[in-house]
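Colleague: Submitted below is the structure of interest, expressed as structure tokens.
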Amino acid sequence: MEAQAFQKVYTKISQITKATCSLHATDVGYDELALINGRLAQVVKIIGDTVTLQVFGGTEGIPTNAEVKFLGKAPSLKVSDDLAGRFFNAFGEPIDGGPDVEGEEIEIGGPSVNPVQRKQPSNMIFTGIAGIDLNNSLVTGQKIPFFADPDQPYNQVMAIVALRAKADKIILGGMGLTNDDYLFYKNVFENAGALDRIISFVNTTDDPPVERLLVPDMALTAAEYFAVEKNETVLVLLTDMTLYADALSIVSNRMDQIPSKDSMPGSLYSDLAKIYEKAVQFPKGGSITIIAVTTLSGGDITHAIPDNTGYITEGQLFLRRDTDIAKVIVDPFRSLSRLKQNVIGKDTRKDHAQVMNAAIKLYSEAANAKTKLENGFDLSDFDERSLDFAKQYSNDLLAIDVNIGGEEMLDKSWQLFNKHFKPEEVAIKQELVDKYWPKKENE
Amino acid sequence: MTRGKVSGIIANLVIIEVDGPVSQNEICFIRLGETRLMAEVIKMMGQKAFVQVFESTRNLRVGDTAEFTGHMLEVTLGPGILSKNYDGLQNDLDKMEGVFLKRGEYTNPLEDDSKWDFKPLAKAGDLVEAGSWLGEVKENWIAHKIMVPFKFQGKYTVVSVAAEGQYTINDEIAVLKDRDGNTRKVTMVQKWPVKLAIKAFKEKPRPFKMMETGIRCIDSLNPIVEGGTGFTPGPFGTGKTVLQHALSKHAEADMIVVAACGERANEVVEIFTEFPELEDPRTGRKLIERTTIIANTSNMPVAAREASVYTAMTIAEYYRSMGLKILLLADSTSRWAQALREMSNRMEELPGQDAYPMDLPAIISNFYARAGYVYLKNGSTGSITFIGAVSPAGGNLKEPVTESTKKAARCFYALSQQRADSKRYPAVDPIDSYSKYLEYDEFIEYLKNNISENWLDQLLYFKNLLIRGKEAHEQINILGDDGVPIDYHIRYWKSEVFDYVILQQDAFDPVDSSTPIKRQKYMVEMIYDLVRDEYSFETFEEVNEYFRKVINVLKQMNYSAFESEDFKKFEKQLKQILEERRVEQPA
């Protein structure tokens, strides 16, 4: 980034912490960018003539007499159609060896959409994964994270969803992504022949952690360009938001802020909401859908990061290894898509809602039966049948390797009901039972 | 007018050096180029005013100028508020240009040039005071009273009132004279500071009338009253917002004020989209006609989030003064508390528990105290029923916001993760939840006179049944199906019948989503008889199978229109099933 010729240069830094520098300077705007010995920094606090800068690359090696130049603008990204197919770092600079992108320069982290200018999200995203489509249907304009322990194959599932989602653009925001995972995404998209609709902003584990703070805003600024200006459906993948929140806590800690729960800044909710709420469906057809990853520690969702995330996002997806069938499934109990009501029975068949609920209730009966079994009690006939049902349901519908259509997964559920239960045990509206319960001759 | 210059900026906390007197909570505007950013004073130290800015402070500089307005944050009150979509500062969102919210764009909350059909209610010579009705205009279907402005202190004599006819909100509709003979003009519009309660009423008695919500787990187990307060804490994913939306759709109120405070924008969009389509079964009008929405979603500026709940409450108080029954819903008050925490933190105040400000409990209880049932000075009654959603961090009900709210609100509807996980919606825990109003003698009397003599007894019977059913279930789990007497299974399943048929309700089914009290009474009484009867079984497996069948038929009844052919058909089926096992009781 070039500094302008006539700029005032400061050379006296009064305070340096691991993530911030302070100096005396005047006529500086809040949120403005600066270069400290060539490293990018942003104004986070001004008291009188003392300006505190958050240094994205870390302050290692910065001397008290470093050159500080203010750039007179907040972080920004040049947007145009040329973004498509390109790979950038957290500052929006190309890392794929290609030329700089020309286009209108937009400040990142821009204003929110007026709620009355939004449209209710109502277009289902079909992923073929029944654990998602049947129980947790996704909708364009939705924001939803995977809550996953680091050992779970969330990157793979997210890549599958991204490719099957039929989005015009897929924007990857990688925060603290390992180089291996970064290459995984690149390969998957390349093999699918989708590179021309991918845009990627990546901060890998090799890069300084504070840089990550720019990644979501960069990705979403690009997303807004395509969704608003071009009316395209844009899918934004953010991984891993836990590392983003960790970077927030580093900065707030260096600024002596009082930490709230789990050493996170008190503003964590607002900080995360500003990102996730960029998900939107516009009336003209453009949309931004956000699928994120929040890694958990030992499955603990009461930690401040997943907890605040859960209150912001429209549901969450949990993966779980089902040892009975030796596969990873989408957990039907803990997963939830809040927007599914907008499409269930509308973009899908009328019996969807009741079939979904009935199957999950029976699946939970099986979980009870399993507890009984583990405690050494005899099982009733109903318990036995629900266990059989659960195993098949898990294998044929919940496993992440399933790839079937919307009607097919409903028909499959009815077949399983019929195989293991009587209609009154399933407790579905009679008119639906009359219509869809497999008839004797088809058995 | 006091002016000042910016001397410090930390996110949306700005420090201004002022040249004159400034009051706490005074509003000022900071000039940033062409735009003016609205801000509120939250602390004074010498000549330094600490203000929270209701907008992003990006590019603000030390030395930028500010002007103080001399008043606190005010809302504009007058006809035209119904059906509006406001932000937390009462800007009309529909009047804003462009897809994105612009900094410093403040829009008129009312229409200056619309004409209203005015009818006088007072006449020359009448003695009036703040809140007295001078006339009325028709706003949607509400008779919107034009009142003596709440800021007018003392008694006045009416000099003149405009004749029946069409007027705009700014036309003079009355002239009043105070004791000293000074005259004051009154229009249809007035302003009021949101942080102060409107107290233009005679008396606030204990509330005693039931408020019908159409939601069975509330009405038939822990009912709320007109003018009552309640809150719904629950971890994410337990259905707080679905419950709030169900209340806003089905509750029996003249007006609903929805404050979407720091929550998801798509949830507000759902209201924008659905309410103009959905009909209120009681009036046959569209739901939007009785609704005002205050939308300050989580991505909108934090400081305005705090203002939004006060804006909503003040609007509710204004309409209550017209003798109306208001339901105020806030989703979620935790976000408001978090906004307070963010500011307290930036001001480097010593923190209380979980870094919340020390006075959080006082702020919350003061706010809840603004709800209530009132006798107006002219003898009419009005009420604000307030139900707030609380989002406890980590689902832990011992956290400060939940604890403080529990002290302030009289109804507690705990949303349980366990019920939500097993898809028992609404996931209101029937055992932990309570309604303090069931202890009010005047409310008990009301239930006796308006529902039935036995209603309260039945309700308490079911509470007991649920606890006993839960105990039986625990015993079965510990000792095994065979390890307990068959009676345990029967008891458990009887409580399940009440749970499945009364407590669980399908918010997305056209019939089941709302149940009028008449139908609730019918079903509850039927189940009351059903669970008190005795049934004979040989094995526990028979018990399970039998009650599953009973529940299935009852659920089919829930899905059928009340007293329809289908309903009667299933009822007949149920009778047959019950006859199979019922033991004849000696007369």
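One line per chain: the protein sequences are A and B, in this order. Using our numbering, the first residue of the first sequence is number 1, and each one after it goes up by one. Using our numbering, the first residue of the second sequence is number 444, and each one after it goes up by one. Backbone N, C-alpha and C define an ideal beta-carbon position, used for all residues, glycine too.
Could you have a look at residue 441 of chain A and say whether DSSP puts it in helix, strand or coil?
Modeller: In this prediction, residue 441 of chain A has a pLDDT of 49, which is less than 50 and means its spatial position is unreliable; nothing more can be read from the coordinates.
Colleague: Let me know the secondary structure DSSP gives residue 3 of chain A once reduced to three states.
Modeller: Its pLDDT being 46, under 50, residue 3 of chain A is placed unreliably by the model, and nothing is read from it.
Colleague: So, helix, strand or coil for residue 1036 of chain B, using DSSP?
Modeller: The structure shown does not extend to residue 1036 of chain B, since chain B is modelled only from 444 to 1030, so the question has no answer here.
Colleague: Counting pairs of Cβ atoms below 8 Å between the region 277-296 of chain A and the region 212-229 of chain A, do you hit three or more?
Modeller: yes
Colleague: If we ignore side chains and look at the alpha-carbon of each, how far apart do residue 446 of chain A and residue 238 of chain A end up?
Modeller: Nothing in the structure corresponds to residue 446 of chain A, since chain A is present only between 1 and 443.
Colleague: For a minimum of 4 consecutive residues, which ranges assigned as the alpha helix (DSSP H) are wholly contained in the region 627-678 of chain B?
Modeller: Taking only runs of at least 4 residues, the alpha helix (DSSP H) segments lying wholly in the region 627-678 of chain B are 659-662.
Colleague: Let me see if you follow: with CB-CB separation under 7 Å, is residue 489 of chain B close to chain A or not?
Modeller: Cβ-Cβ to chain A under 7 Å: no for residue 489 of chain B.
Colleague: Counting only Cβ pairs nearer than 9 Å, list the residues of chain B close to residue 302 of chain A.
Modeller: Per Cβ cutoff of 9 Å: 678, 836, 837, 838 and 839.
Colleague: Compare the beta carbon distance of residue 115 of chain A and residue 711 of chain B with 7 Å and say whether it is the shorter of the two.
Modeller: yes
Colleague: Look up residue 24 of chain A in the DSSP assignment and say whether it is helix, strand or coil.
Modeller: strand
Colleague: Assign residue 2 of chain A to one of two classes, buried (16 or more other C-beta atoms within 10 Å of its C-beta) or exposed (fewer than that).
Modeller: Interpretation of residue 2 of chain A is limited by its pLDDT of 47, a score under 50 that renders its predicted location unreliable; the figure taken from the coordinates is listed afterwards. Exposed.
Colleague: In terms of residue numbering, what span does the alpha helix (DSSP H) encompassing residue 883 of chain B cover?
Modeller: Segment: none, residue 883 of chain B is in no alpha helix (DSSP H) and carries neither H nor E.
Colleague: Please tell me whether residue 261 of chain A has its Cβ less than 7 Å away from any Cβ of chain B.
Modeller: It does: the Cβ of residue 261 of chain A has a partner Cβ on chain B nearer than 7 Å.
Colleague: Rounded to the nearest angstrom, how far is the Cβ of residue 561 of chain B from that of residue 610 of chain B, given a contact under 8 Å?
Modeller: 5 Å
Colleague: Using a beta-carbon distance below 7 Å, is residue 800 of chain B in contact with chain A?
Modeller: no
Colleague: Please determine if the region 290-305 of chain A and the region 147-156 of chain A are in contact, where contact requires at least 3 C-beta pairs separated by less than 8 Å.
Modeller: yes
Colleague: Given that a residue counts as buried once 16 or more other Cβ atoms are within 10 Å of its Cβ, and exposed if not, what is residue 942 of chain B?
Modeller: buried
Colleague: What residue does the beta strand (DSSP E) around residue 255 of chain A start on, and which one ends it?
Modeller: Element bounds for residue 255 of chain A: n/a, residue is neither H nor E.
Colleague: Would you please verify whether the beta carbon of residue 481 of chain B is less than 7 Å from any beta carbon of chain A?
Modeller: It does not; no Cβ of chain A falls within 7 Å.
Colleague: Pull up the distance between the alpha-carbon of residue 992 of chain B and that of residue 998 of chain B, whole angstroms please.
Modeller: 10 Å
Colleague: Pull up the DSSP beta-bridge partners for residue 735 of chain B, would you.
Modeller: Partner(s): B:700.
Colleague: So the beta strand (DSSP E) residue 519 of chain B belongs to, where does it begin and stop?
Modeller: 517-520
Colleague: Kindly identify the DSSP beta-bridge partner or partners of residue 39 of chain A.
Modeller: A:36
Colleague: Roughly how many angstroms separate the alpha carbons of residue 467 of chain B and residue 788 of chain B, rounded to a whole number?
Modeller: 18 Å
Colleague: Could you confirm whether any beta carbon from chain A is found closer than 7 Å to the beta carbon of residue 784 of chain B?
Modeller: yes
Colleague: Can you give me the C-alpha to C-alpha distance between residue 198 of chain A and residue 169 of chain A, rounded to a whole angstrom?
Modeller: 6 Å
Colleague: With distances taken Cα to Cα, identify the nearest neighbour of residue 414 of chain B among B:489, B:461 and B:504.
Modeller: Here chain B covers residues 444 to 1030 and nothing more, so residue 414 of chain B does not appear.
Colleague: Can you tell me the Cα-Cα spacing of residue 310 of chain A and residue 1005 of chain B, whole angstroms?
Modeller: 38 Å
Colleague: Taking a Cβ distance cut-off of 7 Å, strictly less, list which residues of the region 120-134 of chain A are near chain B, in chain order.
Modeller: 120 and 121
Colleague: State yes or no: is the beta carbon of residue 1 of chain A nearer than 7 Å to at least one beta carbon in chain B?
Modeller: Because the pLDDT of residue 1 of chain A is 45, which lies under 50, any placement of that residue in the model is unreliable, and the question is left without a value.
Colleague: Are the C-beta of residue 555 of chain B and some C-beta of chain A separated by less than 7 Å?
Modeller: no
Colleague: Starting from residue 323 of chain A and walking both ways along the alpha helix (DSSP H), at which residues does that stretch end?
Modeller: Here residue 323 of chain A belongs to no alpha helix (DSSP H), and DSSP marks it neither H nor E.
Colleague: Using only CA atoms, which one of A:281, A:349, A:252 and A:304 lies nearest to residue 262 of chain A?
Modeller: A:304
Colleague: Would you mind telling me which residues of chain A sit closer than 9 Å to residue 951 of chain B, beta carbon to beta carbon, in chain order?
Modeller: Within chain A, the residues near residue 951 of chain B are 341, 344, 345 and 353.
Colleague: Based on the DSSP secondary-structure assignment, which residues constitute the bridge partners of residue 588 of chain B?
Modeller: B:579
Colleague: Less than 7 Å between CB atoms is the rule here; does residue 115 of chain A satisfy it with respect to chain B?
Modeller: yes
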